[in-house]
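**Q** Those letters in the sequence shown? Residues -20 to -1, 1 to 515, by mature numbering (1 follows the signal peptide of the UniProt record, and there is no 0).
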Amino acid sequence: MLKLEALPIFLCLLSAPAGAYVTTGLPAHTHRAFLRKLTDDICNTSPGSLSIETVNHTAPMLMSAWAEAPEKLHLSAPAQFSGKERAMAVEGLLKRMIDERRAGNAAAIVKTQDYNAVMKSWAMSGEQSAAAVRVEEILTKMQDMYEAGDNDVQPDLVSFQIAIEAWTKASDDENAPRRAHRILEWMCGLHLSSKNDLAAPDTSCFHMVLKSWAGSRKLESPIMAEHLIMWMQHLQSIGLDSVKPDTMCFNIVMSAWLKSGDIAAEKRIREIFEYMDRASRNGHKHFKPDAGTYNIVISSISPAVKKYFDSCAARRADKILARLEKGFLAGDESLRPDTIIYNQVIDYWAKTQSVRGYFLKARDVLDRQIAMHASGVRRCKPDVMSYTAVIAACASTYGTWDEKKRAFELAHKTFMECCEHSEPNDVTYGIMFKAVSRLLQSRAERDRYSRTLFSLTCEDGFLGEMAFSRFEEAVSKEVFKELTNGVSCYGELPREWKRNAHQKSSSKKTSKKEETVTIRMNPALKSHTSQHASP
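1. What does the alpha-carbon distance come out to for the pair residue 593 and ASN465?
2. Hey, quick one: how far does the alpha helix (DSSP H) through ARG428 stretch, first residue to last?
3. Between TRP237 and TYR274, what straight-line distance do the alpha-carbon atoms span, to the nearest angstrom?
4. Assess contact between the region 201 to 221 and the region 300 to 316, defined as three or more Cβ pairs (one per stretch) separated by less than 8 Å. Is contact present?
5. Do MET365 and ASN323 count as a contact pair if the criterion is CB distance below 9 Å?
6. Taking C-beta to C-beta, are LEU433 and VAL416 nearer than 9 Å?
7. Can you give me the C-alpha to C-alpha distance between SER435 and GLY272, rounded to a whole angstrom?
8. Residue range of the alpha helix (DSSP H) that PRO157 falls in?
9. Does the Cβ of VAL455 have 16 or more other Cβ atoms within 10 Å, making it buried, or fewer, making it exposed?
10. Note down the Cα distance separating ILE144 from SER44, rounded to an integer number of angstroms.
11. Measuring only the C-alpha atoms, how far is GLY63 from GLY106?
12. Skipping 5 residues on each side, what residues in its chain have a beta carbon closer than 7 Å to that of GLU71?
13. Report the residue from ARG418, ALA86, MET446 and LEU419 whose alpha carbon sits nearest the alpha carbon of residue 543.
14. Between PHE186, GLN123, GLY129 and ALA128, which has its C-alpha nearest ASP136's C-alpha?
15. Could you work out which residue in ALA103, VAL325, ILE22 and ALA245 is closest to ILE78 when comparing CA atoms only?
16. Sorted by chain position, which residues of the same chain lie with C-beta nearer than 6 Å to GLU453's C-beta, five sequence neighbours on each side aside?
17. In its own chain, which residues sit with a C-beta less than 6 Å from the C-beta of LEU315, not counting the 5 before and 5 after it?
18. Taking all protein chains shown into account, decide if TYR288 is buried (16 or more other Cβ within 10 angstroms of its Cβ) or exposed.
19. Can you give the beta carbon distance from SER109 to ALA150, rounded, assuming they're within the 8 Å contact cut?
20. Let's see if you can read the secondary structure: which residues bound the alpha helix (DSSP H) around TYR409?
21. Taking the straight line between their C-alpha atoms, what separation do you get for THR148 and GLU165?
22. Quick check: the Cα distance between GLU397 and ILE326, rounded to an integer number of angstroms?
23. CB SER139 to CB ASP182, shorter than 9 Å?
24. Cβ of ILE249 within 9 Å of Cβ of SER280?
25. In the DSSP assignment, find the alpha helix (DSSP H) that holds HIS37 and state where it starts and stops.
26. Could you work out which residue in LEU346, TYR338, VAL407 and SER402 is closest to ALA373 when comparing CA atoms only?
27. Is it true that the CB of GLY169 sits closer than 9 Å to the CB of GLY84?
28. Using the Cα positions of PRO225 and LEU420, report the straight-line distance between them to the nearest angstrom.
29. Measuring CB to CB, does SER101 end up less than 9 Å from ALA69?
30. Of all the options GLY441, GLU383, HIS266 and LYS191, which has the alpha carbon lying nearest to the alpha carbon of MET234?
31. To the nearest angstrom, report how far apart ASN231 and PHE253 are at their CA atoms.
32. Quick one: grab the DSSP three-state call for GLY307.
33. Classify ILE411 as buried or exposed, calling it buried when 16 or more other Cβ atoms lie within 10 Å of its own Cβ.
34. Starting from SER402, trace the alpha helix (DSSP H) in both directions and tell me its first and last residue.
35. Return the residue from the list ALA160, ARG348 and LEU199 that minimises the CA-CA distance to LYS299.
Structure below.
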């Protein structure tokens, strides 16, 4: 049977960082059993019998250990010891310390960090709104006790942060963002009225409430988020420098607008972006636009791309991307672009069915992406989506046969690069069949190119339903019947032909695989680009 006096080695574990639980080499259930045993040994003693070592060190460290225990320890707990029971165990220790003080033990002093441990355990319990209500009750009690003269339990910044965080996790309560907001207001009021000098909020408190509003998707979320920013600026103007709005604050506000679905969202996001840009150029470097800001601005344009022939949306996105590139090339590391932002702009151009060579605009963005990656920006490496979107832009081209010929040559070139540097998937092959169907003038050309393309598609196992449908449109009935062995139903095709369809294609390939694809395709497809019929 474990005795408190016989566990000096184990007590060392309690004073270690939370991460030590998973690095000591002991199984998680052993740690849990150890904590449970120490807790029971303390709670089951008579009031007034605890030693100074227990009340000053063991009990507080136990409370902190339960509250800060790593997730691995929590997940390995048996069903009967849920998050709620863990929180109650910490609260039981706190109550035992209070009883010890009432029994006359002057050394048993309950402090702010002890109450914080109880609140933290509730916030991590998974009880959502029930936990948040309990945390708020404890915080209110702490403030009342402090105002009544108990300076040992004065709520501090951590106390309020835990309470706000608890409400941000209460997804089962639709009023959770408002409750978190209310605690923040209370916190500021206490500090400004000099009722609690440790209740000064910082920017992280506002981050949590902003995220809570943005994630709620409520109609008023963007407005409430903007009001929080203005409130931060007001607090800063009256001398509370700990609440400076930063880039993350503005990005969260913009995200709230993005998620709102409001028809004015794009305009408002652009206004906030331009305000940030002007302010940063005027010396406010703490909330300058970063790559995330640009990503949100470009994402906000997407609702405008609902109809084909809308080149304005693609043009706006391209200009924003160009500003990002210019800032990064000028030395601003926070504007380092990535693959996602390039793919988004390429996709905008792809959705603009082209009568004036807009497919060249899509390719221009890809070329800039390739050049940026070649210069050392590894995070913007073109992937299969990058190449596929350019091919899609080509396949959507309208106009004269001369224009279509140019578009097909570019689609073929891009497809070849995709085979060399990435790996086509079922969508890539499907879009390429669409390009064959719409851009090659003669049936002989379409049949000839499609034969090779179909063979490669089946060999790679990427004959998806879309690719099969586009293939059928691209070739004559005779060639279709010949290549499919007379099968006209997709479900009856050999499984081997479609084994990889609808799966994420691997971005990692051996050099042998890349070489095989390149050698295999060049003789087969390259010759077709010079054999298009004249207009």
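Just so it is clear, CB atoms sit at the ideal spot from N, CA and C, and this is done for glycine as well.
Just so you know, these numbers come straight off a predicted model, no measurement behind them.
**A** In this structure, then:
1. Since the first residue of the chain shown is -20 and the last is 515, residue 593 is not available in this structure.
2. Taken as a continuous stretch (DSSP letters only), the alpha helix (DSSP H) holding ARG428 covers 423 to 440.
3. Each residue's Cα considered, the two are about 14 Å apart.
4. Because the criterion of three Cβ pairs below 8 Å is not met, the region 201 to 221 and the region 300 to 316 do not touch.
5. Cβ atoms of ASN323 and MET365: closer than 9 Å.
6. In contact: LEU433 and VAL416 (Cβ atoms closer than 9 Å).
7. It is roughly 42 Å from the alpha-carbon of SER435 to the alpha-carbon of GLY272.
8. For PRO157, the enclosing alpha helix (DSSP H) covers residues 156 to 172.
9. By the Cβ neighbour-count rule, VAL455 is buried, with 16 or more other Cβ atoms within 10 Å of its own.
10. Near 19 Å, if we compare the C-alpha coordinates of SER44 and ILE144.
11. Looking at the backbone, the Cα of GLY63 and that of GLY106 are separated by about 6 Å.
12. Closer than 7 Å at Cβ, skipping near neighbours: VAL98.
13. Here the chain covers residues -20 to 515 and nothing more, so residue 543 does not appear.
14. Across the set PHE186, GLN123, GLY129 and ALA128, the C-alpha of GLN123 shows the shortest separation from the C-alpha of ASP136.
15. Selected option, being the one with the closest Cα: ILE22.
16. Taken in chain order, the residues that qualify are SER417.
17. Contacts found: ALA271, LEU304, GLY307 and PHE308.
18. In this predicted model, TYR288 has a pLDDT of only 49, less than 50, meaning its place in the structure is not dependable; the value taken from the coordinates is given anyway. Looking at its Cβ environment, which holds fewer than 16 other Cβ atoms inside 10 Å, TYR288 is exposed.
19. About 4 Å separates the beta carbon of SER109 from that of ALA150, a gap short enough to meet the 8 Å contact definition.
20. Residue range 406 to 419 is occupied by the alpha helix (DSSP H) that includes TYR409.
21. Rounded to the nearest whole angstrom, the C-alpha separation of THR148 and GLU165 is 15 Å.
22. GLU397 and ILE326: Cα-Cα distance of roughly 16 Å.
23. No, the Cβ-Cβ distance between SER139 and ASP182 is not below 9 Å.
24. The criterion of a C-beta distance shorter than 9 Å is satisfied by ILE249 and SER280.
25. Note, HIS37: premise wrong, no alpha helix (DSSP H); not H, not E.
26. If we check each option's Cα against that of ALA373, TYR338 comes out closest.
27. Taking 9 Å as the Cβ cut-off, GLY84 and GLY169 do not qualify as a contacting pair.
28. Going by the C-alpha atoms only, they are around 56 Å apart.
29. Contact: yes.
30. Minimum Cα-Cα distance from MET234 among the listed residues GLY441, GLU383, HIS266 and LYS191 corresponds to LYS191.
31. Approximately 9 Å between the Cα atoms of the pair.
32. Here GLY307 carries a helix assignment [DSSP, helix/strand/coil].
33. With 16 or more other Cβ atoms within 10 Å, it is buried.
34. From DSSP, SER402 is part of no alpha helix (DSSP H); its letter is neither H nor E.
35. Here the closest residue by C-alpha is ARG348.
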